[in-house]
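For reference, the structure discussed in these notes is given below.
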Amino acid sequence: MSGYLLSIRTLIKLLSYYHYLIRLSVHCFNIIKIRFPYIILILKVYKKYIKILTMRVGDVFKTYADFEEALSQYKKSTFVDFYIKDSKTAKSQIRRYPKLANSSEQLKYYYVKLACVHGGSYRKKNSCQDLRSTSSMRQGCEAYIYLIANAKGDALELTRMNDEHNHEKSETLFSHLPNQRRVTPQEKMEVLELMKLKANKKLIQHKMQTKTGKVINLKDIANIYTTGKTPSHNSLSEIVEQLQNTYNCTVEISADSDQNLIGLFIQDKIMQNTFKAFPEVGNIEVYWKLDVYF
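Here our numbering is used: the sequence shown runs in plain steps of one and ends on residue 310.
In structure tokens form, the structure reads like this:
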């Protein structure tokens, strides 16, 4: 009997001791909350930050934009990049899955699978075996992320994921990936303007890297200029107007009855003065199907 009483007394003491610890913890928390409110804010931000940087099976996203935001932070923290390997939009699957009828347009996909940019393997075609060597980012990496609409059809759920990569991961390698080097349309326009002014490519590269904080190669500058410049398609009337207004030329157009161009006769000031001084001498210059743009 005395043994039972001893155990009960010990249990009561332990409960009172735990009760005291709980009261002390609550009291300390209230003091911190009152005197140091910024600590609570830091803890909340830290909790949100940790949630964003880690992606796990079971995570739910109300919209695809929410997932893209989380994925962007995840890629920056883990130094890996993904691309959409397979997907089906929610609109295309409404007949098959009626639950998607009430889904938001911001859901975008019924399912989407993203694979690592280093996934897959590169093989040359038989006809290209003897041609120049080419480089590829494919290294057979099997990392992927798979999302599908949940049972209610109002959110995307991360149901499968493989975060094991078979390649080296570093901030330097990540910053050199094409998706990380991509510039905005406004930045492209700035590069084009500088290229039109015949600016030095290396100076343009330094300026854009300083401004954007991205790794920009000289090849990127050349590609922006090549894809951004528009070919000239001046009409005949624009050419005649430019010759008359810019170069002070006398222009006469020769055409047949169907208004097809036969010839374009041009005289600038030097030609006119020469003709007045030596009218008995005739000089004729003929151009045939030359791709000359003014």
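Just so it is clear, CB atoms sit at the ideal spot from N, CA and C, and this is done for glycine as well. None of the values given here were measured: they were computed from a predicted structure.
Original post:
Looking only at its own chain, which residues have a Cβ that is under 6 Å from the Cβ of Tyr126, when we skip the five neighbours before and after it?
Top reply: As a working mapping, residue 126 is identified with position 110 in the sequence shown. Annotation for Tyr126: Lys104, Ala106, Gln109 and Ala165 place their beta carbon closer than 6 Å to its own, counting only its chain and skipping 5 residues before and after.
**OP:** Return the chain-ordered ranges of every alpha helix (DSSP H) run that is complete within the segment 190-218 and spans a minimum of 4 residues.
**Re:** Listed in chain order, the complete alpha helix (DSSP H) runs (minimum 4 residues) inside the segment 190-218 are 194-197 and 201-212.
Original post:
Going by C-alpha distance, which of Asp284, Ile237 and Ile240 is nearest Val256?
Top reply: Translated into positions along the sequence shown, residue 256 becomes position 240. Looking at Asp284, Ile237 and Ile240, the one whose alpha-carbon comes closest to that of Val256 is Asp284.
Original post:
Where Pro295 and Asn289 are concerned, what is the direct C-alpha to C-alpha distance, given to the nearest angstrom?
Top reply: By 1-based counting over the sequence shown, the position of residue 295 is 279. By 1-based counting over the sequence shown, the position of residue 289 is 273. The straight-line gap from Cα to Cα measures roughly 10 Å.
Original post:
With distances taken between CB atoms, is the gap from Val73 to Met205 smaller than 8 Å?
Top reply: Taking the first residue of the sequence shown as 1, we reach residue 73 at position 57. Taking the first residue of the sequence shown as 1, we reach residue 205 at position 189. Result no, Cβ atoms of Val73 and Met205 do not sit closer than 8 Å.
Original post:
Should Met17 go down as buried or exposed, given a rule of 16 or more other Cβ atoms within 10 Å for buried?
Top reply: In the sequence shown, counting from the first residue as 1, residue 17 sits at position 1. With a pLDDT of 48 at Met17, under the threshold of 50, the modelled position of that residue is not reliable, and the figure given next carries that caveat. So Met17 counts as exposed.
**OP:** Rank His134, Ala271, Lys101 and Ile100 by C-alpha distance to the C-alpha of Glu184 and give the top, closest one.
**Re:** Looking up residue 184 in the sequence shown gives position 168. Among His134, Ala271, Lys101 and Ile100, the Cα nearest to that of Glu184 is on His134.
Subject >> Rounded straight-line distance, which links the Cα of Val297 to that of Asn276 >> reply: Taking the sequence shown and counting its residues from 1, one reaches residue 276 at position 260. Taking the sequence shown and counting its residues from 1, one reaches residue 297 at position 281. Asn276 and Val297: Cα-Cα distance of roughly 30 Å.
Subject >> Beta-carbon proximity check, Gly169 vs Arg154, cutoff 8 Å >> reply: Stepping through the sequence shown from its first residue, residue 169 is reached at position 153. Stepping through the sequence shown from its first residue, residue 154 is reached at position 138. Remark: C-beta atoms of Gly169 and Arg154 do not approach each other more closely than 8 Å.
Original post:
If you pair each beta-carbon of the segment 232-244 with each one of the segment 192-207, do three or more pairs fall below 8 Å?
Top reply: Verdict: yes, contact present.
Subject >> 8 Å Cβ cutoff met for Glu180 and Phe95 >> reply: By 1-based counting over the sequence shown, the position of residue 180 is 164. By 1-based counting over the sequence shown, the position of residue 95 is 79. Result no, Cβ atoms of Glu180 and Phe95 do not sit closer than 8 Å.
Original post:
From the DSSP output, which residues share a beta bridge with Cys132?
Top reply: Taking the first residue of the sequence shown as position 1, residue 132 is located at position 116. Phe98.
Original post:
Just how far apart, CA to CA, sit Val124 and Asp82?
Top reply: Within the sequence shown, the letter at position 108 stands for residue 124. Within the sequence shown, the letter at position 66 stands for residue 82. The amino acid at residue 124 is misidentified as Val; the sequence shows Lys. Straight-line Cα distance between these residues: approximately 11 Å.
Original post:
In three-state terms, what does DSSP make of Thr228?
Top reply: Within the sequence shown, numbered from 1, the residue matching residue 228 stands at position 212. Three-state DSSP puts Thr228 in a helix.
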